[in-house]
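Per my numbering, residue 502 is the first one in the sequence shown, and the count goes up by one each step. By construction, the Cβ of each residue, glycine as well, lies at the ideal position given by its N, Cα and C atoms.
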Amino acid sequence: MSLWNKLFGGPARAEQIDYYEEGLALAREGKHHEALTSLRLALRESPGDPIVLQQIAIAYTRIGMEAEAIKTYRHVLHRHPEEVGAHYGLAFVLRRRGESDQAAEHLEHFLASHPTDEDSQAHVDYARQTLEELQGADEGGEAQPEADASTDGG
């Protein structure tokens, strides 16, 4: 990993590491702890970047640090309330923790100004379905079991 090259005197080009891209690549490989390290380094280079922070929250979710994920998503939303991805991710972490009312509120925020590109459509559809289930549970029905992790924000 290029992080180790930089730490232990690897090639000079190690100074030009894109920690964000490295973090995403590690996450795609399922190396979430390592991804978190790279994403934290990316955050040092771009303090407060809402995109990096959301990726950190996703990494926290995937390694089971839900409280940290929630804090990170809320931090993003405090500074950047328009970040619909943070509403989406936070909604599903809250849902897993049984906080259905708060989860529904964040899904509503996401759906109010969701992305419209074709790649996001599965997430939009899943958010709508989940919100309907949560609202149905509030009306006396039972919420359906959660779907796969590829669309649930973590």
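Checklist line | Local conformation of R598 per DSSP, three classes | finding: The sequence position of residue 598 within the sequence shown is 97, counting from 1. If DSSP states are grouped into helix, strand and coil, R598 belongs with coil.
Check: Around the C-beta of G531, are 16 or more other C-beta atoms found within 10 angstroms, so that it is buried, or is it exposed?
Finding: Your numbering for residue 531 matches position 30 in the sequence shown. Burial call: exposed.
Checklist line | Own chain, CB closer than 8 Å to R580, minus 5 neighbours either side, in chain order | finding: By 1-based counting over the sequence shown, the position of residue 580 is 79. G549, P551.
Next item on the list: Look at the alpha carbon of L525 and the alpha carbon of Q622, and state the distance between them as a whole number of angstroms.
Entry: Indexing the sequence shown from 1 puts residue 525 at position 24. Indexing the sequence shown from 1 puts residue 622 at position 121. Computed Cα separation, rounded: 21 Å.
Margin query: Measuring only the C-alpha atoms, how far is P646 from E634?
Written below: Within the sequence shown, the letter at position 145 stands for residue 646. Within the sequence shown, the letter at position 133 stands for residue 634. Confidence is the limiting factor: at P646 the pLDDT is only 44, short of 50, which leaves the residue's position unreliable and the question unanswerable from this model.
Item checked: Top-ranked residue by Cα proximity to Y627, from L612, D618, E522 -> Taking the first residue of the sequence shown as 1, we reach residue 627 at position 126. Of the candidates L612, D618, E522, the one whose C-alpha sits nearest the C-alpha of Y627 is L612.
Note to self: In whole angstroms, give me the CA-to-CA distance for Y561 and H610.
What the structure shows: Within the sequence shown, numbered from 1, the residue matching residue 561 stands at position 60. Within the sequence shown, numbered from 1, the residue matching residue 610 stands at position 109. Approximately 22 Å between the Cα atoms of the pair.
Next item on the list: Tell me, to the nearest whole angstrom, how far the beta carbon of A592 is from that of V577; I am working on the premise that it is less than 8 Å.
Entry: Locating residue 592 in the sequence shown gives position 91, counting from the first residue. Locating residue 577 in the sequence shown gives position 76, counting from the first residue. So it is not a contact: roughly 13 Å between Cβ atoms.
Check: Exposed or buried, W505, counting other C-beta atoms within 10 Å across all chains shown (16 or more means buried)?
Finding: The sequence position of residue 505 within the sequence shown is 4, counting from 1. Because the pLDDT of W505 is 47, which lies under 50, any placement of that residue in the model is unreliable, and the number read from its coordinates should be weighed accordingly. With fewer than 16 Cβ atoms within 10 Å of its Cβ, W505 is classed as exposed.
Margin query: Just to confirm the assignment, what range does the alpha helix (DSSP H) spanning P582 have?
Written below: As a position in the sequence shown, residue 582 is number 81, starting the count at 1. Per DSSP, P582 belongs to no alpha helix (DSSP H) and is neither H nor E.
Margin query: Could you tell me the alpha carbon to alpha carbon distance between D618 and I559, rounded to whole angstroms?
Written below: Looking up residue 618 in the sequence shown gives position 117. Looking up residue 559 in the sequence shown gives position 58. Between D618 and I559, the C-alpha separation is close to 21 Å.
Next item on the list: Can you tell me which of the three DSSP states S530 falls into?
Entry: Locating residue 530 in the sequence shown gives position 29, where the first residue counts as 1. The residue asked about is misnamed: residue 530 is Glu in this sequence, not Ser. Residue state, collapsed to three classes: coil.
Next item on the list: With distances taken Cα to Cα, identify the nearest neighbour of G637 among D602, H534, A570, P616.
Entry: Taking the sequence shown and counting its residues from 1, the one referred to as residue 637 is at position 136. It is D602.
Checklist line | Other residues of its chain near E584: CB distance less than 8 Å, five sequence neighbours each side excluded | finding: The residue labelled residue 584 in the question sits at position 83 within the sequence shown. Here the set comprises P551, Q555, V577, L578.
Item checked: Residue from E567, R629, A536 whose Cα sits closest to the Cα of V553 -> One-based indexing of the sequence shown puts residue 553 at position 52. Considering only alpha carbons, the answer is A536.
Checklist line | Proximal residues to A543 (C-beta, below 7 Å), its chain only, five neighbours per side dropped | finding: Locating residue 543 in the sequence shown gives position 42, where the first residue counts as 1. So the qualifying residues of the chain are Y520, Y521, G524, V553.
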